[in-house]
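Trainee: According to the working numbering, numbering within the sequence shown proceeds without interruption in unit steps and concludes at 764.
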Amino acid sequence: MRSNRNKTKLTTRILAFTLIVALLFVVLLGRVGYLQFIKGGELSQMALDQQTKESEINPRRGSILDRNGKELAISASVDTVAVDPKRIREAGNREAVINTLSEVLGVEKADVAKQLDKNSRFEYVKKRIDTAQSKILRSYISGEDENGNELSQELLEKHDLTGVSLIADTKRFYPYGELAAQVLGVVGADNQGLEGLEYEYDAYLKGTAGRIVQSNSAVGSPSFDFEEFYNAQAGSNIKLTIDESIQRIVEKALNEAYIENKAANGGCAIVMNPNTGEILAMATVPTYNLNEPIQIKDPDVLAQLEALEGEEYSKAFVAATSGLKRNKPVVDVYEPGSTFKLITCAMSLEEQVATLEETYNCNGFMHMGGHNIHCWRTAGHGTQTFMTGMVNSCNPVLMQVGAKIGTENFYKNFKLFGFRDVTGIDFPGEAVGSFHAEEAFSEVDLAVSSFGQSFEVTPLQMITAISSLVNGGNLYRPYLVKEIQSADGQPIETILPQKVRQTVSAETSEKMKTVLETVVLQSGSTAYVKGYRIGGKSGTSEKQPRGSNKYIGSFVGVAPVDDPKIVCLVIIDEPTGENYYGGVITAPVAGKIISETLQYYGIEPVYTEEDLQEMDTTVPDVVGKTTEEAKRSLDSFNLKYSVNGNGDQIVAQIPAAGSKVRSSSSITIYTGLKGDPMLIKVPNVVGLSAEAANETLINSGLKMIISGAGSLNGKGIITSQSPAAGALLDEGESVTVYFSKEENQ
Ligand SMILES: [Zn+2]
Numbered sequence: 020m021r022s023n024r025n026k027t028k029l030t031t032r033i034l035a036f037t038l039i040v041a042l043l044f045v046v047l048l049g050r051v052g053y054l055q056f057i058k059g060g061e062l063s064q065m066a067l068d069q070q071t072k073e074s075e076i077n078p079r080r081g082s083i084l085d086r087n088g089k090e091l092a093i094s095a096s097v098d099t100v101a102v103d104p105k106r107i108r109e110a111g112n113r114e115a116v117i118n119t120l121s122e123v124l125g126v127e128k129a130d131v132a133k134q135l136d137k138n139s140r141f142e143y144v145k146k147r148i149d150t151a152q153s154k155i156l157r158s159y160i161s162g163e164d165e166n167g168n169e170l171s172q173e174l175l176e177k178h179d180l181t182g183v184s185l186i187a188d189t190k191r192f193y194p195y196g197e198l199a200a201q202v203l204g205v206v207g208a209d210n211q212g213l214e215g216l217e218y219e220y221d222a223y224l225k226g227t228a229g230r231i232v233q234s235n236s237a238v239g240s241p242s243f244d245f246e247e248f249y250n251a252q253a254g255s256n257i258k259l260t261i262d263e264s265i266q267r268i269v270e271k272a273l274n275e276a277y278i279e280n281k282a283a284n285g286g287c288a289i290v291m292n293p294n295t296g297e298i299l300a301m302a303t304v305p306t307y308n309l310n311e312p313i314q315i316k317d318p319d320v321l322a323q324l325e326a327l328e329g330e331e332y333s334k335a336f337v338a339a340t341s342g343l344k345r346n347k348p349v350v351d352v353y354e355p356g357s358t359f360k361l362i363t364c365a366m367s368l369e370e371q372v373a374t375l376e377e378t379y380n381c382n383g384f385m386h387m388g389g390h391n392i393h394c395w396r397t398a399g400h401g402t403q404t405f406m407t408g409m410v411n412s413c414n415p416v417l418m419q420v421g422a423k424i425g426t427e428n429f430y431k432n433f434k435l436f437g438f439r440d441v442t443g444i445d446f447p448g449e450a451v452g453s454f455h456a457e458e459a460f461s462e463v464d465l466a467v468s469s470f471g472q473s474f475e476v477t478p479l480q481m482i483t484a485i486s487s488l489v490n491g492g493n494l495y496r497p498y499l500v501k502e503i504q505s506a507d508g509q510p511i512e513t514i515l516p517q518k519v520r521q522t523v524s525a526e527t528s529e530k531m532k533t534v535l536e537t538v539v540l541q542s543g544s545t546a547y548v549k550g551y552r553i554g555g556k557s558g559t560s561e562k563q564p565r566g567s568n569k570y571i572g573s574f575v576g577v578a579p580v581d582d583p584k585i586v587c588l589v590i591i592d593e594p595t596g597e598n599y600y601g602g603v604i605t606a607p608v609a610g611k612i613i614s615e616t617l618q619y620y621g622i623e624p625v626y627t628e629e630d631l632q633e634m635d636t637t638v639p640d641v642v643g644k645t646t647e648e649a650k651r652s653l654d655s656f657n658l659k660y661s662v663n664g665n666g667d668q669i670v671a672q673i674p675a676a677g678s679k680v681r682s683s684s685s686i687t688i689y690t691g692l693k694g695d696p697m698l699i700k701v702p703n704v705v706g707l708s709a710e711a712a713n714e715t716l717i718n719s720g721l722k723m724i725i726s727g728a729g730s731l732n733g734k735g736i737i738t739s740q741s742p743a744a745g746a747l748l749d750e751g752e753s754v755t756v757y758f759s760k761e762e763n764q
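Here you go:
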């Protein structure tokens, strides 16, 4: 019975249990059905997320090169530290890893521990570490110091870094620092393009991120079944139309003018190839170093900022520094003033309503629409030809010519020159000037517009239109990038000149070249440089509101005017020095840029008899001499010199031997190496900044590779180089430079 009773009890229990299980099973089935059929998609995605884990590996960002392949923006190699938590658990070196990484990288022990506790095989600890840190970690991982000596067993146990790896990463570096800063733009913390060309061409430059994919078959399982690794794909390089040498010439001349004229609102300049629309140089002042956080140098602005606090300070700081990043030639507008008289002149010749020989009268003003509109010369210019009116920059002459063109034709031609639309340059945020509405464009508006007032254009629109005046009438789309290259430097895509439309006929273009040259020669322009045929026109405009005594001085120049190779526009915004006239403050800057650029192009000056009479010095032949001998020789002729390169022997000189120059003129000498001209002696760059070293190496015909970017904040000093100074390399070969953090060496 007992057994029976027990048996009955047991049976009851089994039954009850079975029933419960069955019930549970039904509930579960329902649940499974619900999960399977109703929430299936959602949940399987969740399961996948729990099972796989991806980590991105940064691709190497493509380089930005000048038109000759000089590196303006590069990605320096740096290390990123990552750990494999599972491997560290297996190796049992958790404490050693935490202590070592915390000590070397300066991160909190708790932060390292947090990464090690993760159920994963790949976690970042610190991205883009500096060179010194890399060196230490590398020695612990390899077991050898940098000289190849084995580390002691004790040291290796203390710093056992099994499961720690250094991953190749990159950091943006601009070898020339300030050069073309506003054009190149900036990248963010993850190397993404934020402004300028870095932004415009981000899709090409950024490359494709690599991935590490980990997977575990069951949720919560500590072991991962497999992992996959996808290599990052480096970004493409972009090759600019900009020529680093011309950019440097422009920035130097512009910056000197900016300082000398105390320009409250800075300035800008563009050099364009009028035959293609290629931008050869584009500069804005003041500027900043792309490798350093933006610093405010203006003492007035600094004083204003010091008086502010909190949010007000932040806002003012952002406002004060954002101006430094503006690529003025493209994103800012200005009133062109008298430089625009060239456009009005071209319109009238093209419409055949005026000739350069016919005469006009100037009494000092013209009465129009109830106003007296004055000539800049209030006494008047009297009777003069149209050509002389252009030389005199006489407003009443242009007003009369404007009236002959008429509102309708003026408006039509204004659009034809591209002033009502963006130029289409490959740069973000291009501005368009403002002009009178077509239906409201009155006779008075026409009169004032004909001498360049009452409207605004961008410097880029202006130089593009002027280029069409001297290239046969072709309005080109200006552009900054001429080639996209693969990461290994093979051309992928070439960007060709693009003609937008015809502005004037070839005949009008020929006449305009004569006008431009006559203006420079007969107005006694300070843009004139002996030996070169330079054409140009200055402009001065008073900023709004009138009477504020704030001016913009500008000059547009063309050279050589009989066969234009360059057009140059220089603008100084709000000069507060002794003078504000464009003809005084910007014409000599343009003259300097033009003559130095033509010399750089190897176009030697050709002198007139008149010029020659003033020239009493015959340039000696210094080719073949040592640099020291050449300097002594030039000194004895009372000539100045600038040396390009740092070889032992002079290989070329400009102007050539036998040329006549004025005493104290500057001779450019180029050096090479004695004996074997194919090999270049590596210069010593230890102790130099990255920028200075790059310049030295490039001048020697070599390239620079940066190892580590920890102290690439513009203050980094090179501590060693490979190969060492004195080694012989072929032209174009690279020298690797290394940094330390010490700044006071
Ligand atoms: Zn006049």
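Each residue gets a CB set at the ideal place from its N, CA and C atoms; glycine is no exception.
#1: Can you tell which of L748, T645, L84, S685 has its C-alpha closest to the C-alpha of S771?
#2: Taking 6 Å as the cut-off, is the CB of H400 close to at least one heavy atom of ligand 1?
#3: If you draw a straight line from the alpha carbon of E502 to that of G601, how long is it in whole angstroms?
#4: Excluding the five sequence neighbours on either side, which residues of its own chain have a C-beta within less than 6 Å of the C-beta of V523, listed in chain order?
#5: Please confirm if the stretch 301 to 316 is in contact with the stretch 273 to 288, defined as three or more CB-CB distances below 8 Å between the two stretches.
#6: Do Q480 and G452 count as a contact pair if the criterion is CB distance below 7 Å?
#7: Does the stretch 579 to 595 come within contact of the stretch 266 to 278, defined as at least 3 CB pairs closer than 8 Å?
#8: State the DSSP-derived secondary structure class of N346, mapped to helix, strand or coil.
#9: Rounded to the nearest angstrom, what separates I257 and G81 at their Cα positions?
#10: Return the first residue and the last residue of the alpha helix (DSSP H) that L494 is part of.
#11: Label R79 either buried or exposed according to how many other C-beta atoms from any shown protein chain fall within 10 Å of its C-beta, with 16 as the threshold for buried.
#12: Leaving aside the five residues before and after V372 along the sequence, list all residues of the same chain whose C-beta is less than 7 Å from its C-beta, in chain order.
#13: In chain order, what are the residue ranges of uninterrupted beta strand (DSSP E) at least 3 long that sit wholly in the stretch 133 to 218?
#14: Return yes when at least one heavy atom of ligand 1 lies under 6 Å from the C-beta of C287, else no.
#15: Between the stretch 615 to 629 and the stretch 317 to 326, are three or more C-beta pairs nearer than 8 Å?
#16: Candidates A606, C587, N77, L515: which alpha carbon is nearest R230's?
#17: Any chance the CB of C364 is under 6 Å from a heavy atom of ligand 1?
#18: Alpha carbon to alpha carbon, how far is K281 from G596? Give it in angstroms, no decimals.
#19: Return yes when the Cβ of K556 is within less than 7 Å of the Cβ of V538, no when it is not.
#20: Taking only the alpha-carbon atoms, compute the straight-line gap between E647 and P674 and give it to the nearest angstrom.
#21: DSSP has K700 in a bridge; who is on the other side?
#22: Tell me which residue opens and which closes the beta strand (DSSP E) that V97 is part of.
#23: Straight-line CA distance for S753 to A649?
#24: Go through its chain and collect everything with a Cβ distance to A746's Cβ below 6 Å, but skip five positions before and after it.
#25: In chain order, which alpha helix (DSSP H) runs of at least 4 residues are fully inside the stretch 377 to 440?
#26: Quick one: complete beta strand (DSSP E) runs, 3+ long, within the stretch 624 to 701?
#27: Leaving aside the five residues before and after A110 along the sequence, list all residues of the same chain whose C-beta is less than 8 Å from its C-beta, in chain order.
#28: So, L417 versus S469, is the Cβ gap smaller than 7 Å?
#29: Please confirm whether T483 and G356 have their CB atoms less than 7 Å apart.
#30: How should L515 be labelled, buried or exposed, when 16 other C-beta atoms within 10 angstroms of its C-beta is the threshold for buried?
#31: To the nearest angstrom, how far is the alpha carbon of S412 from that of S614?
#32: Just confirm the distance between the C-beta atoms of S96 and T227, as a whole number of angstroms; I'd bet it's less than 8 Å.
#33: Specify the secondary structure class of P594 as computed by DSSP and reduced to three states.
#34: Does ligand 1 have even one heavy atom less than 6 Å from the beta-carbon of C587?
#35: Any idea what DSSP makes of A253, helix, strand or coil?
#36: Is P447 near ligand 1, in the sense that its beta carbon is under 6 Å from a heavy atom of that ligand?
Mentor: Taking the definition as stated:
#1: No answer is possible for residue 771: the residues shown for the chain start at 20 and end at 764.
#2: yes
#3: 36 Å
#4: A365, E369, G492
#5: The count of Cβ pairs closer than 8 Å, one atom from the stretch 301 to 316 and one from the stretch 273 to 288, reaches three, so the stretches are in contact.
#6: The Cβ atoms of G452 and Q480 lie closer than 7 Å to each other.
#7: yes
#8: coil
#9: Here the C-alpha atom of I257 lies approximately 7 Å from the C-alpha atom of G81.
#10: Segment 493 to 495 is the beta strand (DSSP E) holding L494; no alpha helix (DSSP H) there.
#11: Under this definition R79 is a buried residue.
#12: K423, I424
#13: DSSP runs (the beta strand (DSSP E)) wholly in the stretch 133 to 218: 142 to 148, 183 to 192.
#14: no
#15: no
#16: N77
#17: no
#18: 6 Å
#19: At the C-beta level, V538 and K556 come within 7 Å of one another.
#20: 19 Å
#21: L747
#22: Counted as a single uninterrupted DSSP element, the beta strand (DSSP E) harbouring V97 occupies residues 90 to 102.
#23: 29 Å
#24: Excluding positions up to five away in sequence, the list reads V701.
#25: 405 to 411, 414 to 424, 426 to 435
#26: 659 to 663, 668 to 673, 685 to 691, 698 to 700
#27: D179, T181, G182
#28: yes
#29: Contact flag unset, no.
#30: exposed
#31: Each residue's alpha carbon lies about 24 Å from the other.
#32: Contact doesn't hold; Cβ gap of about 18 Å is too wide.
#33: strand
#34: For C587, the shortest C-beta to heavy atom distance toward ligand 1 is 6 Å or greater.
#35: coil
#36: no
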